[in-house]
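Asker: Mind looking over this structure? Questions follow.
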Amino acid sequence: MQDAKQRLSELLRRAAAEGPQFVTKHGEEVAVVLDIMDYRRLAGGGEAVDFKLVLSGEQHHPEYGEALADVLEEIAAERAEDLPRDVAEVSG
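First residue of the sequence shown: 27, per this note's numbering; consecutive thereafter.
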């Protein structure tokens, strides 16, 4: 039983670090051990993402990290190109 526990611990560690781990029986694949985030992504029930927290940097989400950085860079570039408005003209 102790050997089984040690093997399971190693299998779980490898699933988290390296990705899905296949379990075989008599040389035939019979099961797959997945990291919980991989499973949730595949099952469609991934971690809830609060967009405000991601934007503020309080919540990290690996799937949105790079794409979000690209969008924020585009917004910053567009804002840098905008000319400031004269408040006196706007108010009338």
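Cβ coordinates follow ideal geometry from the N, Cα and C atoms, glycine included.
Start and end of the alpha helix (DSSP H) containing residue 64?
Answerer: Residue 64 sits at position 38 when you count from the first residue of the sequence shown. It spans 62–69 - the alpha helix (DSSP H) in which residue 64 sits, taken as one unbroken run.
Asker: Assuming residue 46 and residue 37 are in contact, meaning their beta carbons sit under 8 Å apart, how far apart are those beta carbons, in whole angstroms?
Answerer: For this step, residue 46 is matched to residue 20 along the sequence shown. For this step, residue 37 is matched to residue 11 along the sequence shown. Contact doesn't hold; Cβ gap of about 11 Å is too wide.
Asker: Please report how far the alpha carbon of residue 106 lies from the alpha carbon of residue 66, in whole angstroms.
Answerer: Here residue 106 is taken as the residue at index 80 of the sequence shown, counted from 1. Here residue 66 is taken as the residue at index 40 of the sequence shown, counted from 1. Looking at the two C-alpha atoms, the distance is approximately 39 Å.
Asker: Please report how far the alpha carbon of residue 29 lies from the alpha carbon of residue 70, in whole angstroms.
Answerer: The sequence position of residue 29 within the sequence shown is 3, counting from 1. The sequence position of residue 70 within the sequence shown is 44, counting from 1. Going by the C-alpha atoms only, they are around 34 Å apart.
Asker: Output needed for residue 68: all residues of its chain with C-beta closer than 8 Å, excluding positions within five of it in sequence on either side, in chain order.
Answerer: Residue numbering aside, residue 68 sits at position 42 when the sequence shown is read from its first letter. So the qualifying residues of the chain are 60.
Asker: Rank 62, 51 and 100 by C-alpha distance to the C-alpha of residue 39 and give the top, closest one.
Answerer: Translated into positions along the sequence shown, residue 39 becomes position 13. Looking from the CA of residue 39, the closest CA among 62, 51 and 100 belongs to 62.
Asker: If you measure from the CB of residue 38, is any heavy atom of the ligand NAD nearer than 6 Å?
Answerer: No copy of the ligand NAD occurs in the structure displayed, which carries no ligand at all.
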